[in-house]
Every structure is written in structure tokens, then in C-alpha cells.
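Trainee:
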Amino acid sequence: MNNSPLPLVLVSHTLPEGWLEILNGRCRMISGPKDADHLSSELRAYISQADGLFTLLTIKVDEDLLSQAANIKVVSNMAVGFDNIDVAACTKRGIPVGNTPG
Numbered sequence: 011m012n013n014s015p016l017p018l019v020l021v022s023h024t025l026p027e028g029w030l031e032i033l034n035g036r037c038r039m040i041s042g043p044k045d046a047d048h049l050s051s052e053l054r055a056y057i058s059q060a061d062g063l064f065t066l067l068t069i070k071v072d073e074d075l076l077s078q079a080a081n082i083k084v085v086s087n088m089a090v091g092f093d094n095i096d097v098a099a100c101t102k103r104g105i106p107v108g109n110t111p112g
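First residue of the sequence shown: 11, per the working numbering; consecutive thereafter.
1. Who does Val71 pair with in a DSSP beta bridge?
2. Among the residues of its own chain, which have a CB less than 7 Å from the CB of Ser14, if the five just before and after it don't count?
3. Would you list the residues sitting across from Met39 in a DSSP beta bridge?
4. Tell me whether the segment 60 to 78 and the segment 16 to 31 touch, counting them as touching only if at least three CB pairs, one residue from each stretch, are closer than 8 Å.
5. I need the DSSP call for Leu141, collapsed to helix, strand or coil.
6. Under a three-way DSSP split, which group does Ser86 fall into?
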């Protein structure tokens, strides 16, 4: 367990370095593999500690995942849609969901 005051954000994919530069110093980030089609086992190991989850459309954010993510405060999708996110389950937990509309 890390005692850092910075929130922990899990990023489902490895993204170009400059894309996440704005978050440097504002949070701790752990990224998954570049071509992931599911949340990697490495990231799942941190899901209970994560404050935020930043995904691509290939990552399913459902009731099962959210039940393991007791600390999650926000889920954001780097995609136009959010079909991969169970918005109702997030809403039930008070978790806002964001995406990148076209």
C-alpha cells in the first residue's frame, strides 16, 4: 500500500508520453499494455486502491469490476461512446463517467 497523498489513476493502455503529461504531479498513474482488450492482471491488482480509471473502448467497466473498486471516484473513457461502461452501476455508486465526445 502506498501512502502518497496523490490519487491513483489506472490507465488501461500505454499511451504516448505527452498525452498524460498534464497529469504529472497531480496523480500517480499505472498503465497497462498498449494493445489491451481487457484490464490487465497488473492493473486489477491495484483496482481496490484506485481513485480513477481511464480506459479505451475495449475495456469493460461493469458491476463485477466496480465491486472490486471500492475507492473509485471517477471513470473516464477515451472514446466517443461509452458502451463499454455500465453507467447505471457507476451512477448507483455515485461515480461520474466521462468520455471524449466527437
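Even for Gly, the Cβ is constructed at its ideal location relative to N, Cα and C.
Mentor: To lay it out plainly:
1. Val71 is bridged to Ile95.
2. For Ser14, where only same-chain residues beyond five positions count, the Cβ hits under 7 Å are Arg38.
3. Answer by DSSP bridge pairing, in chain order: Val19.
4. Taking a contact to require three or more Cβ pairs closer than 8 Å, the segment 60 to 78 and the segment 16 to 31 qualify as touching.
5. What the structure shows of the chain is the stretch from 11 to 112, and residue 141 is not part of that stretch, so it cannot be assessed.
6. Assigned with DSSP and collapsed to three states, Ser86 falls in strand.
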